[in-house]
Amino acid sequence: MNSRYGGLEENPPQVRNKDDRQVRQFFETVDKLKKIMSFSSHFALNFGGNYGNLIRECNEFMVSDLEKCINDENVAVTQEHMNAVWELLNLFQSTLIYTPLNPYIIDLVSTILILINNWNNNIAKSKELAERVSVLDRLLKQHLSILEAINLLKKLIDRADRLIRYDPKIFDFSEHYMRVINEQLKKD
Numbered sequence: 029m030n031s032r033y034g035g036l037e038e039n040p041p042q043v044r045n046k047d048d049r050q051v052r053q054f055f056e057t058v059d060k061l062k063k064i065m066s067f068s069s070h071f072a073l074n075f076g077g078n079y080g081n082l083i084r085e086c087n088e089f090m091v092s093d094l095e096k097c098i099n100d101e102n103v104a105v106t107q108e109h110m111n112a113v114w115e116l117l118n119l120f121q122s123t124l125i126y127t128p129l130n131p132y133i134i135d136l137v138s139t140i141l142i143l144i145n146n147w148n149n150n151i152a153k154s155k156e157l158a159e160r161v162s163v164l165d166r167l168l169k170q171h172l173s174i175l176e177a178i179n180l181l182k183k184l185i186d187r188a189d190r191l192i193r194y195d196p197k198i199f200d201f202s203e204h205y206m207r208v209i210n211e212q213l214k215k216d
């Protein structure tokens with residue numbers, strides 16, 4: 029995980045060995061996703077109805093498939109699972125583009141993108157799916173960068189506003205002094 033928001037690794041290794049660091053990260057991601065989805069009011073508010081069911085369904089089969097992969101069991105990708113993942117990615121794409129993002133959506137989307145990335149790299153091995161996940165990850169990171177820039181600019185505007193309102197009497201004296209000097213120079 030490269031970013032503080034759990035960004036995707038550029039070349040994640042295959043998850044095969046139970047002692048592997050990636051396996052521990054996988055289980056940490058699964059635990060984080062369970063925790064995020066346990067906030068049922070936030071989940072229902074942001075992804076209610078069929079979208080919530082789609083997220084749960086994809087989460088269940090991807091975790092199950094990756095656990096089988098860790099245990100060196102063969103896993104076959106079904107067209108139904110691929111269609112569900114593509115539908116989920118389309119949902120996330122429209123969410124990232126058209127919905128005001130809150131911390132809950134950001135955490136959920138970034139965590140599921142990590143899970144989809146691992147599932148694709150270890151099981152589905154689809155170049156198109158990898159590209160879409162990468163695009164959505166970059167879109168999310170750019171959104172977060174823009175939010176950070178907005179917050180920084182708000183702070184700078186506040187500081188500039190306070191500086192503009194700062195009006196010590198010495199400035200009035202200096203202004204009068206400069207006017208007198210200018211008048212004297214014009215006379216000379």
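Mind the numbering: the sequence shown is residues 29 to 216 in the working numbering, read in order.
For every residue, glycine included, the Cβ atom is placed at its ideal position computed from N, Cα and C.
Item, Value
"Ser138 burial status per 10 Å Cβ neighbour count (16 or more: buried)", "buried"
"Ser66 to Gly80 span [Cα, whole Å]", "12 Å"
"Cα-Cα separation between Ala188 and Leu180, rounded to whole angstroms", "12 Å"
"Beta-carbon separation (whole angstroms), Leu143 vs Thr57, contact threshold 8 Å", "6 Å"
"Buried or exposed by the 16-neighbour rule on C-beta atoms within 10 Å, applied to Met90", "buried"
"Between the CA atoms of Leu141 and Gly34 - distance to the nearest angstrom", "With a pLDDT of 44 at Gly34, under the threshold of 50, the predicted position of this residue should be treated as unreliable, though the coordinate-derived value follows. Going from the Cα of Gly34 to the Cα of Leu141 covers about 9 Å."
"Residue from Trp147, Leu175, Tyr194, Ile134 with nearest C-alpha to Asn74", "Ile134"
"C-alpha gap between Leu221 and Ser69, whole angstroms", "Any property of residue 221 remains undetermined from this structure, which presents the chain solely from 29 to 216."
"N-terminal and C-terminal residue of the alpha helix (DSSP H) that Asn81 is part of", "78-98"
"Extent of the continuous alpha helix (DSSP H) to which Asn148 belongs", "Element bounds for Asn148: n/a, residue is neither H nor E."
"Cα-Cα separation between Arg160 and Arg190, rounded to whole angstroms", "45 Å"
"Proximity to Thr127 [Cα-Cα], best of His171, Val113, Cys86, Lys153", "His171"
"Burial state of Ser92 (16 or more Cβ within 10 Å)", "exposed"
"Alpha carbon of Lys182 to alpha carbon of Ser173, nearest angstrom", "14 Å"
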